[in-house]
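Heads up: the protein sequence lines correspond to chains S and E, in order.
Here the first sequence is numbered in numbering that gives the first Met the number 0, starting from 0 and rising by one per residue.
Here the second sequence is numbered in numbering that gives the first Met the number 0, starting from 0 and rising by one per residue.
Where is the CB? At the ideal position from N, CA and C, for every residue including glycine.
None of these values were measured; they are calculated from a predicted model.
Number of protein chains: 2
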Amino acid sequence: MRIGELSRRTGVPVPTIKYYLREGLVPHGERTSPNQARYDEAHVHRVRLVRALTEVGGLSIAAARDVLALMHEPGRGRLGSIGKVHFAVQAARQPHTDEPSESSVARTNDLIEQRGWHVRPTNPARAALAGVLDYFTRLGQPDVLGLLDDYADAAEKLAVAEIDTLGGRDVDHMAEHVVMMTVLGGALLNALRGLAQESAASAKMT
Amino acid sequence: MRIGELSRRTGVPVPTIKYYLREGLVPHGERTSPNQARYDEAHVHRVRLVRALTEVGGLSIAAARDVLALMHEPGRGRLGSIGKVHFAVQAARQPHTDEPSESSVARTNDLIEQRGWHVRPTNPARAALAGVLDYFTRLGQPDVLGLLDDYADAAEKLAVAEIDTLGGRDVDHMAEHVVMMTVLGGALLNALRGLAQESAASAKMT
DNA sequence: CTCAGGTGGATAGTGCAAGTATCCAAAAGC
DNA sequence: GCTTTTGGATACTTGCACTATCCACCTGAG
């Protein structure tokens, strides 16, 4: 197919696809003549991936390019670079707070240790968590401490279930699965939280 | 205090605070003379609120203004307008996907019904959930169905715990609590998920 | 064969959001 | 008295994600 059909299939305007090609988010098609190229299903999928990352995940074009590049890197061995991909999406999704305070970092470390979690010091979610804790304390919300455990419980259970689905999976598709799980899963969870909150609130007021 | 100290206390540059004043995100101080005004702790808090909404919650300035306006509206009675505030933050945080397909809407309705949740049709999370489901199907990820229940379980448990903390709370502070719970709680959960995922993954690979 | 219309690629322009910068006359504070 | 800071208005900047325009070159219906 040519670019017009790629556009029709994905609902993304032609100029935008050209822009993605320029920016390296989507690989160039196979040239059939000096100014013609052919695209295939892989390109359709790639464009959809880009839209999922940017529209749902809120990634910038630059961040999406980096994640996709890592994701489709040829030499990504079993665990090492899937971890890299995971870190990259996390980093791109987390709010970029400034240096967290020592006490929040300490609280983060405590939580991780008490849970017995095994988390590398470079995991971007560490800084993110500490940063958010700082926002809470600055705003004077003392009751997070209680909920923190509930959140951690939920995160732990979910993570186990999520990692389970990675199980019998083709190594080539693992990286993509991790990215989609993180991004779309996060959006899913967020939406469900909104629904459950209303439901719980209305139940409370009997 | 004057604007300089407000700036120092919050870490937000003076011109930015002036911008927030112009945009109606922060109320004007009490004028003490034609070109002097006095600010107090409430202003400090308000500025921090704005930063939490925009930096952590990812809200636009316009969305933050609307949420804050609803939040501090004088005549917000017990439940009615706290619900409004909740909807407003939700709507501002959810990715703005285009019209979801019928089948995704149906799946969303099914899920809500099976769970016995009581959710109004206007809850913005409904459309958001359906929209995300569409992304999943377009990307050809079949195994969400299984996880969907895990996500819903987690959301439900969390929501109950969250609504519980609303319990013995001053009505005047409830709206703010709901907003902070939604925004900062979401960020917290997201960060914890990132940590738990790494931990679960490393445990899996024993 | 013809010719309207799509194509790849380059370059330039748009629109919006979120600040920054500048200016001014009038306090504030030492 | 004299340097800073202030409130307020207006203008400017930056960055991002597209759009628009051009042009020579293909493609495919008639």
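A contact between stretches requires three or more CB pairs, one per stretch, nearer than 8 angstroms, and the segment 181-195 of chain S meets this requirement with the segment 112-126 of chain E. By the criterion of a C-beta distance shorter than 7 angstroms, Leu183/E is surrounded in its chain by Ala51 and Val55, once the five residues flanking it on both sides are discounted. Here Val178/S is near Val66/S, since their CB atoms are less than 8 angstroms apart.
Assignment of Arg114/E by DSSP, reduced to helix, strand and coil, places it in the helix class. Using a CB distance cut-off of 8 angstroms, Lys83/S does not count as an interface residue toward chain E. Within the DSSP bridge table, the entry for Glu72/S names no partner. If the five residues before and after Pro99/S are omitted, its C-beta is found closer than 7 angstroms to the C-beta atoms of Ala126, Ala129, Gly130 and Asp133, all from its own chain and listed in chain order.
Under the three-state reduction of DSSP output, Ser102/E falls in the helix class. Against chain S, a Cβ distance below 9 angstroms from Met173/E picks out nothing, because the smallest value is about 11 angstroms. Setting aside the 5 residues that flank it on each side, Gln89/S is surrounded in the same chain by Pro123 and Ala124, each with a C-beta closer than 6 angstroms to its C-beta; the list follows chain order.
Along the segment 153-181 of chain S, going in chain order, the ones with a CB nearer than 7 angstroms to a CB of chain E are Ala153, Ala154, Glu155, Lys156, Leu157, Ala158, Val159, Ala160, Glu161, Ile162, Thr164 and Met179.
Secondary structure at Glu22/S: coil, using DSSP grouped into helix, strand and coil.
For Ser59/S, the secondary structure class from DSSP, reduced to helix, strand or coil, is coil.
Against chain E, the CB of Glu197/S has a partner CB under 8 angstroms away; the residue lies at that interface. Between Gln113/S and chain E, the shortest Cβ-Cβ separation is not below 8 angstroms. Flagged as an interface residue toward chain E: Arg125/S, by a C-beta distance shorter than 8 angstroms. Interface residue (Cβ-Cβ distance to chain S less than 8 angstroms): Glu54/E is classified as such. Only buried fits Arg92/S, as 16 or more other CB atoms lie within 10 angstroms of its CB. Secondary structure at Gln35/S: strand, using DSSP grouped into helix, strand and coil.
DSSP lists Ala36/E as the bridge partner or partners of Arg30/E.
Close CB contacts of Glu29/E within its chain, under the 7 angstroms cut and outside five residues either way in sequence, are with Ala36 and Arg37 (chain order).
Nearest neighbour of Ala158/E by Cα position, chosen from Ala190/E, Ser201/E, His85/E and Phe135/E, turns out to be His85/E. Residue environment: Ala190/S is assigned as buried (16 or more neighbouring CB atoms within 10 Å of its CB, all protein chains considered).
The Cβ of Val118/E sits closer than 8 angstroms to at least one Cβ of chain S. Under the three-state reduction of DSSP output, Pro94/S falls in the coil class, being neither helix nor strand.
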